Every structure is written in structure tokens, then in C-alpha cells.
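A.B. asks: In case it helps, the UniProt record's numbering puts the sequence shown at residues 1 to 311. Just so you know, even glycine gets a beta-carbon here, dropped at the ideal spot from N, CA and C. These numbers come from a predicted model, not from an experiment. To start, I am sharing the structure in question, which I have written as C-alpha cells.
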Amino acid sequence: MKALSEDEQLEAIDRVNSASSSADQQELEQIITQVLPDPVTPKLQVWKFISNLCSCFAPVYKPNPERTKECWLAPQTPKQFGKKTLVLDLDETLVHSSFNPNPTSDIIIQVDINGMNHFVYILKRPGVNQFLEALADDYEIIIYTASLSKYASPLLDLIDKKKVISGRLYRQHCTFFNGTYVKDLSLLGRDLESVVIVDNSPIAYSFNPDNAIPISSWFEDPNDRELFDLIPILKALAKESSIPNTLRELKQRKLEITLNNLMELCGGKNLQQQVNDEPKRSEHNSAQDRNRAYFNSPMGSQAEKIHFNFE
């Protein structure tokens, strides 16, 4: 295939950004393949830098009138009715996946890529199951990933054995904007006053930054405690009438999203019991975590070069 000139590449990027949300996924991927040859040109590197820089701010986004009629989620069931909605990213937030074999992986699945089966080795972030189970009484839990469903769906089947996850959204539910996938919370069919998203990528929630709690990207650290730390914070937020207003006020005061700051902001509410209720890791899980070896990212320099992105 003839390589596109830099001007043609930038023109193609504009076509991708302006493409209808109903455009065929395969067609978009063909355009993207043309737009982003390897290695990328210096001009495109500058464009990507500017795009990433601008993603720190609320993007100027004109919704597609047809798409705004869509709601990705069905109405809440009677069991979930009235609960706040907790939206969780998957890769590097709850798990880390790689094509590299690892004897200490928690889960191994097979994924068909271009007609060939490949094993995917998955590590679960410390506390992921305790995290999900602890918050299931307070929230309707939705997994929202930019990964393909053929990878994420079987993985979630194995993670969510107690069926605490209420909904799953995949790449086809994301909005392709400025060369990346964004999770538009306004399309969930939920009141945004009652929605919070936890994601390691600020770009992913750039349409709804006031609804977001950032979390660091996780790859293999067995001593990571972020999911445990988030449990009392999210339990406290579940009692607030407006999640975005609460998070926005913390940001305006330049306060970190911590339990103590939430207690101060919300009038010193006694949340100590929630801290005491935080699940503890079992000795078995702790020992397993300590024995884990280094686990390469699928995007890392040592990773097997298979052209398949988890996210």
C-alpha cells in the first residue's frame, strides 16, 4: 500500500474524527491503519503531542444528534434501582494482560486474532475481587473498556464469578475522538449526578472530568493498595447527592481525593466505620502476590509483537 504524505495523513485524521459514530468499525480501522504507519512521522508526533496536551482540558465536542438518542445501558433493575453507578476501566485499572507466558498469572484465556488463537496471560490487581464485592451493595457496577469484547468478555466471565457486575461496555461503545477512544458517560442512560468513573487514562474520561477519580496504571506491583484505598472513598461518595459537584469542589480547593478530605468537605461525617470495614487481603493472596515475577506489558519493548491492542 502506498504510504500517505503527511498532509494526506492529517486529512485522513480529520476524516476519522468527523466520521459518523455509526461508521463500520472495520472501515475505521482501515483508515486508522493508513493514518498511523510505523514509525509515525515527526509532524504526526507533534499532532499527537498537541492532542494529548489538549486532552487535559474539557474537549470541544459536538455530539452527533443521532447518537445522543442512544443509551448504552438498559434501565436499572428493581434490585439496582436508585443506586449510584460506578464505571470501571479494565486494563491497567483492574488487571494487566500480556501475550508473554507467565506461570504466576491469575487467568489465562485464548483470543482469536486474524484466525489464529493466542494465549493471553492476565494478572489481577491486588484486591480486585474484594473491591467489586465491597461496593456491589452501594453501586450499580459497570465495566467500560476500550478493549475488544472478544478479549474482555471471557475475561470478565472469569473475574466476576459472583455476578456483581451489572453491565459491560466495550470498544464499540466508545467515541472515537482526536485519534483515541473516549468513554462518553452521557450515553450511559444514567443521571450524571449519580455516576463516577475510575480509570487510569485521563483521556478516557475527558468528556466528563468532574465524574472521574483517577487511578495509577497497574502492571505487576504486588504491594499495590489503590483499590483497597478507594473502597471507603467510593462508599462515602455513594451517599452524596451529586458526585460531580463533590469531586469538582475538591479539585477547586486543590485537595486530593482522599477519605479525610471528603470527611472535611462533607461536614466531618463519621466514615471511620467504612474504613474498618475495608476488606483485608488473605494470607494466600498476599503470598501469591509476593511470588509474582516481572510481567511485561503487551505494549512494552520486550513484549511479543502481535498487532492486537487490549485497549
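Flag this pair as yes or no: are the beta carbons of I143 and L185 separated by less than 8 angstroms?
C.D. replies: Numbered from 1 along the sequence shown, position 143 holds the residue referred to as residue 143. Numbered from 1 along the sequence shown, position 185 holds the residue referred to as residue 185. Contact flag unset, no.
A.B. asks: Using C-beta distances below 7 angstroms, list every residue in its chain close to E70, excluding the 5 sequence neighbours before and after it, in chain order.
C.D. replies: Here residue 70 refers to the residue found at position 70 when the sequence shown is read from its first residue. So the list reads L187, once near-sequence residues are dropped.
A.B. asks: Which ranges does the alpha helix (DSSP H) cover as unbroken runs of at least 4 residues, wholly within the UniProt domain "FCP1 homology" (79 to 237), from first to last along the chain?
C.D. replies: 128 to 135, 149 to 159 and 226 to 237
A.B. asks: Taking Cβ to Cβ, would you say E193 is nearer than 8 angstroms to S242?
C.D. replies: Here residue 193 corresponds to residue number 193 of the sequence shown, with the count starting at 1. Here residue 242 corresponds to residue number 242 of the sequence shown, with the count starting at 1. In contact: E193 and S242 (Cβ atoms closer than 8 angstroms).
A.B. asks: May I ask you to report which of helix, strand or coil DSSP gives T77?
C.D. replies: For the purposes of this step, residue 77 is identified with residue 77 of the sequence shown, where counting begins at 1. If DSSP states are grouped into helix, strand and coil, T77 belongs with coil.
A.B. asks: Using beta-carbon positions only, say whether Q130 and H118 come within less than 8 angstroms of one another.
C.D. replies: Reading the sequence shown from its first residue, position 130 is the one you call residue 130. Reading the sequence shown from its first residue, position 118 is the one you call residue 118. It is not a contact, given that the beta carbons lie outside the stated cut-off.
A.B. asks: Is it true that the CB of L88 sits closer than 8 angstroms to the CB of V198?
C.D. replies: Here residue 198 refers to the residue found at position 198 of the sequence shown. Here residue 88 refers to the residue found at position 88 of the sequence shown. A contact, by the Cβ cut-off of 8 angstroms.
A.B. asks: Spatial neighbours of L132 within its chain, please: C-beta separation below 6 angstroms, excluding the five flanking residues on both sides.
C.D. replies: Residue 132 sits at position 132 when you count from the first residue of the sequence shown. Once the five neighbours on either side are set aside, the close Cβ partners of L132 are V164.
A.B. asks: Quick one: what does DSSP say T246 is sitting in, helix, strand or coil?
C.D. replies: Within the sequence shown, residue 246 is the residue found at index 246, counting from 1. DSSP places T246 within a helical segment (H, G or I) once states are collapsed to three.
A.B. asks: Can you grab the Cα-Cα spacing for the pair Q80 / L262, in whole Å?
C.D. replies: On the sequence shown, residue 80 is found 80 positions in, with the first residue counted as 1. On the sequence shown, residue 262 is found 262 positions in, with the first residue counted as 1. About 25 angstroms.
A.B. asks: Candidates A236, D229, G189 and I233: which alpha carbon is nearest A74's?
C.D. replies: Reading the sequence shown from its first residue, position 74 is the one you call residue 74. Among A236, D229, G189 and I233, the Cα nearest to that of A74 belongs to G189.
A.B. asks: Compare the beta carbon distance of P78 and P222 with 8 angstroms and say whether it is the shorter of the two.
C.D. replies: Numbered from its first residue, the sequence shown carries residue 78 at position 78. Numbered from its first residue, the sequence shown carries residue 222 at position 222. Contact flag unset, no.
A.B. asks: If you check the beta carbons only, do R171 and L148 fall under 8 angstroms apart?
C.D. replies: The count along the sequence shown starts at 1 and reaches residue 171 at position 171. The count along the sequence shown starts at 1 and reaches residue 148 at position 148. Yes, they are a contact pair.
A.B. asks: Going by CA-CA distance only, name the one from D191, F228, N178 and E220 that's closest to S206.
C.D. replies: What you label residue 206 is simply residue 206 of the sequence shown in a count that begins at 1. Minimum Cα distance to S206 is reached at N178.
A.B. asks: Identify whether E264 lies in helix, strand or coil by the three-state DSSP scheme.
C.D. replies: Here residue 264 refers to the residue found at position 264 of the sequence shown. In this structure, E264 counts as helix in the three-state DSSP scheme.
A.B. asks: Can you check which of these residues, S105, K150 and Y139, is closest to G115 by C-alpha distance?
C.D. replies: Looking up residue 115 in the sequence shown gives position 115. Checked all of S105, K150 and Y139; the closest Cα to G115 is K150.
A.B. asks: Using a Cβ-Cβ cutoff of less than 6 angstroms, which residues in the same chain neighbour K83 once the five nearest sequence positions on both sides are dropped?
C.D. replies: Counting from one through the sequence shown, the residue named residue 83 turns up at place 83. Y139 and E140.
A.B. asks: Do T175 and D91 count as a contact pair if the criterion is CB distance below 8 angstroms?
C.D. replies: Counted from its first residue, the sequence shown places residue 91 at position 91. Counted from its first residue, the sequence shown places residue 175 at position 175. Cβ distance not < 8 angstroms, so D91 and T175 don't count as in contact.
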